[in-house]
Amino acid sequence: MSTSRWGHDGVQPRFGDRIVFTEIQLSRSDAMRAGFERDLALAGATEARELPIAFGEVADLNSAIFSPAYGKKGYWRAADFLRESGVGVYFLEPYQPSKIPVLFVYGVNGTPREFRALFDGVDRGRYQPWFFHYPTGVRINDAATALNEIVRSLHAQYGFTRMHIVAHSMGGLVARGMLVKQLQDERTPYVRLLVSLSTPWGGVASTARGVRESPVIIPAWVDLQPQGRFLADLYATPLKPRIEFHLLYGHRASHFAFLDDDESDGTVTVESQLDERARNDAVQILGFEEDHESILVSRQVIAALNEALRRADSGGGNSSTARP
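With the working numbering applied, the sequence shown corresponds to residues 983 to 1306, in that order.
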């Protein structure tokens, strides 16, 4: 059996603290789908326990495991998150073959609740929202691997012929990592569309310093380094022409002209959101005067998402760039 490492559990240490890492392994289970790595190694736990994995269970967004507190736990204490709530893809309603799945992937400290406006904004008669629930402190590549295996299992179970992905912030990197793996495995991918919102396609500069100097490293930092191996590999496999990619980004303007902060969305720089390697793969690039959170509830963004879904389901269209 192969072993895939999720990485060290993130904590908030004090200088002088001694950090001790242990491992938890995913044991064999009859509930596991064929093809998923059953001995996924996880750091930061004190004893071996079976990891809960969701393969399309219908979710109640009011559940505690989808709360903001769990979102933060998933970043700072990934092993506790995994032990308590597991990982997986959840549905908002029972699977319906007549509807196209739209998978939502959140970013750092995120939760599926952030997507409520987008869940409600898409045509629920045509699309069925799914979401990937995972701890955002783990290595991005490992999260992408897990997502790929779970989606492959769902595809084998339900046989859907198309699927779309909407991802926010670091979730865009997870989604693209998953798509690279699918493109390498599938001659004709069933994922047809990726829409990213405020994704740091060029990485986050501060993570490189954190990896060098922090007494304990959040594993995701390793893959967020602008000059890191993960980002270099992420663009080695182009999405065009098999997957239609729409890049949506945010820029925040101050109410006071002399304090204009138009070079970021308050969290991610515009430069990173518009990394040339990502732009080269995009069929459409749209900018919005929104911050990192408000982009998820913007009526303009919801309209752009619906238009991207329509285009993908009608055969796509020409490339375009705009900045409202």
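Just so it is clear, CB atoms sit at the ideal spot from N, CA and C, and this is done for glycine as well.
The structure presented is a predicted model; accordingly, all values stated were derived computationally and were not measured.
Query: So Q1209 and Y1231 are supposed to be a Cβ contact under 8 Å. How far apart are they, rounded?; Result: Going by Cβ atoms, the distance from Q1209 to Y1231 rounds to 21 Å, so no, they are not a contact pair.
Query: Between E1289 and the rest of its own chain, which residues show a CB-CB distance below 8 Å, the 5 nearest in sequence each way excluded?; Result: none
Query: Tell me which residue opens and which closes the alpha helix (DSSP H) that H1137 is part of.; Result: 1122-1140
Query: Measuring alpha carbon to alpha carbon, tell me which of E1195, A1190, Y1116 ends up nearest A1157.; Result: Y1116
Query: Using C-beta distances below 6 Å, list every residue in its chain close to L1175, excluding the 5 sequence neighbours before and after it, in chain order.; Result: H1146, E1226, A1294
Query: Quick one: which unbroken beta strand (DSSP E) runs of 3-plus residues sit fully inside the segment 1157-1222? Chain order, please.; Result: 1173-1179
Query: Alpha carbons only, please: which of R1098, A1202, G1184 is nearest the one belonging to G1192?; Result: A1202
Query: Three Cβ pairs or more, each shorter than 8 Å: is that satisfied between the segment 1037-1055 and the segment 1078-1085?; Result: no
Query: Per DSSP, which one or two residues make a beta bridge with H1115?; Result: G1070
Query: In whole angstroms, what is the alpha-carbon distance linking A1126 and Q1164?; Result: 10 Å
Query: Consult DSSP for A1036 and reduce its assignment to one of helix, strand or coil.; Result: strand
Query: Does A1264 come out as helix, strand or coil in the three-state DSSP assignment?; Result: coil
Query: Taking buried to mean at least 16 other C-beta atoms within 10 Å of its own C-beta, is N1262 buried or exposed?; Result: exposed
Query: Applying the 10 Å Cβ sphere with the 16-neighbour rule, what's the burial state of P1182?; Result: buried
Query: So Y1152 and L1129 are in contact, right, with Cβ under 8 Å, and what is the actual spacing, rounded?; Result: A quick correction: the sequence has Met, not Tyr, at residue 1152. So it is not a contact: roughly 13 Å between Cβ atoms.
Query: Using 8 Å for Cβ pairs, my map puts D1273 next to G1248. What's the rounded Cβ distance?; Result: 4 Å
Query: Within the chosen definition, does the segment 1099-1113 reach the segment 1059-1070 through at least 3 CB pairs nearer than 8 Å?; Result: no
Query: What does DSSP give as the partner residues of T1251 in its beta bridges?; Result: S1246
Query: Considering Cα atoms alone, identify which of I1132, G1103, N1091, P1034 is closest to R1281.; Result: G1103
Query: Compute the distance between the beta-carbons of S1196 and I1277, then report whether it is under 9 Å.; Result: no
Query: Y1057: which of D1215, Q1078, A1099, V1090 sits nearest, CA to CA?; Result: V1090
Query: Measure the CB-CB distance between F1048 and L1136 and report whether it falls below 9 Å.; Result: no
Query: Output the distance between the C-alpha atoms of P1094 and V1279, rounded to the nearest integer angstrom.; Result: 13 Å
Query: Return the Cβ separation of Y1088 and E1096 in integer angstroms, given the expectation that the two are a contact with Cβ distance under 8 Å.; Result: 6 Å
Query: Have a look at D1042, S1178, R1169 and flag the residue whose alpha-carbon is nearest the alpha-carbon of P1076.; Result: D1042
Query: Keeping to the same chain, check which residues put their C-beta closer than 7 Å to that of G1184; ignore five residues upstream and five downstream.; Result: P1208, E1253, S1254, D1257
Query: How about R1121 and F1212: are their beta carbons less than 9 Å apart?; Result: yes
Query: For G1251, which residues of its own chain have a beta-carbon under 7 Å away from its beta-carbon, when the five flanking residues on both sides are left out?; Result: It should be noted that the sequence gives Thr, not Gly, for residue 1251. The answer, listed in chain order, is E1245.
Query: DSSP three-state label for Q1078, please.; Result: coil
Query: Quick check on DSSP: helix, strand or coil for I1225?; Result: coil
Query: Output yes or no for whether 9 Å exceeds the beta carbon distance between V1162 and D1215.; Result: yes
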